[in-house]
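Read through the structure below, which is laid out as structure tokens, and then see the notes.
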Amino acid sequence: MDMLINKKTVFTKTAFLFFILVLLGFRPDYGDSIVAGSIGEPRTLIPILASDSASGAICGLIYNGLVKYDKDLKLVSDLAENWEVSEDGLEITFYLRKNVRWHDGELFTARDVEFTYKSLIDPDVPTPYSGDFKMVKQFEVMDDYTARVIY
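If you want my numbering, it's the position in the sequence shown, counting the first as 1, plus 5.
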């Protein structure tokens, strides 16, 4: 009986030691990677085409918008450093951050925002978000870093 208890003790201590060593091996590794769980496999990584929750969640992690929500669900700047809403609420003017570059090195400008808007309202683009922009009457590029949306 003592031999059985001794084997159990040795096995338990060995398993515990192994468990501790495994945990020590899983320290965070800081660098160029992020590992995150997802509800499923994304169907696309193109944000304007993302209609499933997995695609939307992942696109939200890798693409910037003009504005975003902070931890308190307040709108804060992202690619737009500032914005103004007219008194009647029918015009929003976005002032874009300067010196923002695409991955290929090209500058991000108001023309890029216009391209995205036109893609979202294009009937040939199968985006689930086109209805969100039906009330927009006009989109204006004021200069390279200023865009206006008129409702």
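Ideal Cβ placement from N, Cα and C applies to all residues, glycine included.
If you're wondering where the values come from, they're calculated on a predicted model, not measured in any experiment.
K73 is bridged by DSSP to V81. For R116, the CB contacts under 7 Å within the same chain, skipping 5 residues up- and downstream, are V146 in chain order.
The residue from L84, L78, V40 and L80 with its alpha-carbon nearest to that of I63 is V40. Listed as beta-bridge partners of V146 by DSSP are A152. Under the DSSP assignment, I97 falls outside any alpha helix (DSSP H), being part of the beta strand (DSSP E) whose first and last residues are E96 to L101.
L71 and D137 have their C-alpha atoms roughly 15 Å apart. Judged by their CB atoms, T151 and Y74 are not nearer to each other than the 7 Å cut-off. For R116, the three-state secondary structure derived from DSSP is helix. With fewer than three CB-CB distances shorter than 8 Å, the stretch 101-109 does not count as touching the stretch 122-131. A straight line joining the alpha-carbon of L50 with that of S58 spans about 12 Å. Counted as a single uninterrupted DSSP element, the alpha helix (DSSP H) harbouring A62 occupies residues S58 to I67. Remark: C-beta atoms of D149 and T114 approach each other more closely than 7 Å. The secondary-structure analysis by DSSP pairs E89 across a beta bridge with T98. Per DSSP, the beta-bridge partners of R106 are L112.
Taking C-alpha positions only, D37 is separated from E92 by approximately 44 Å.
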